[in-house]
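> Below is the structure I would like to discuss, written out as structure tokens.
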Amino acid sequence: MPLTGHCLCKAVTYSADVDQPALVAYDHCDDCQRQSGSTYSLVAVVPKDKLTINGPVKTWSGKGSSGNAVHRLFCSECGSPIAHDPDAAPEIIALKAGTLDTEIKKTLKPDTEIWTVSKLPFCQEHLAKPFEHMPQ
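In this text, residue positions in the sequence shown follow the UniProt record's numbering: the first is 1, and each later residue adds one.
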């Protein structure tokens, strides 16, 4: 079963012809923190040649730590980040896992953390006082 997903407004959809991501990671790099507006970005890495994206995607490119470009794809309608595509690893693309279809993302099991050099010191795996919903 392919991995499928979409942006917030559903103008951008995608499908990766794989059963599972090659890697599911908490990406702590500073750029992912800024793009997600959060402490990290959950990414699902897939082979680029297995991914099909449909809809109005825009790209912003910046320089990664390798010195090569990292292309960040997002919906031009709602701004949802869809993926980042590093020139340093041209065979893969990192989908923003929060955009996967709900039933698929519920089955994800992050297996690593990347760019932990940028991990914020207050990030912990389990916090003492979780809330199911806000406010509670």
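From the three backbone atoms N, C-alpha and C, an ideal C-beta is built for every residue, glycine too.
1) Thinking C-alpha only, which one of ILE104, LEU120 and LYS109 is nearest SER15?
2) Is it true that the CB of LEU95 sits closer than 8 Å to the CB of ASP85?
3) Comparing C-alpha positions only, which one of LYS63, ILE114 and CYS123 sits nearest to residue 137?
4) Please report the residue range of the beta strand (DSSP E) in which residue 161 lies.
5) Shortest alpha-carbon distance to LEU42 belongs to which of LYS50, GLY5 and ASP27?
Checking against the coordinates, here is how it stands:
1) ILE104
2) no
3) The requested residue 137 is not part of the displayed model; the chain covers only 1 to 136.
4) Nothing can be reported for residue 161, as the shown portion of the chain is limited to 1 through 136.
5) ASP27
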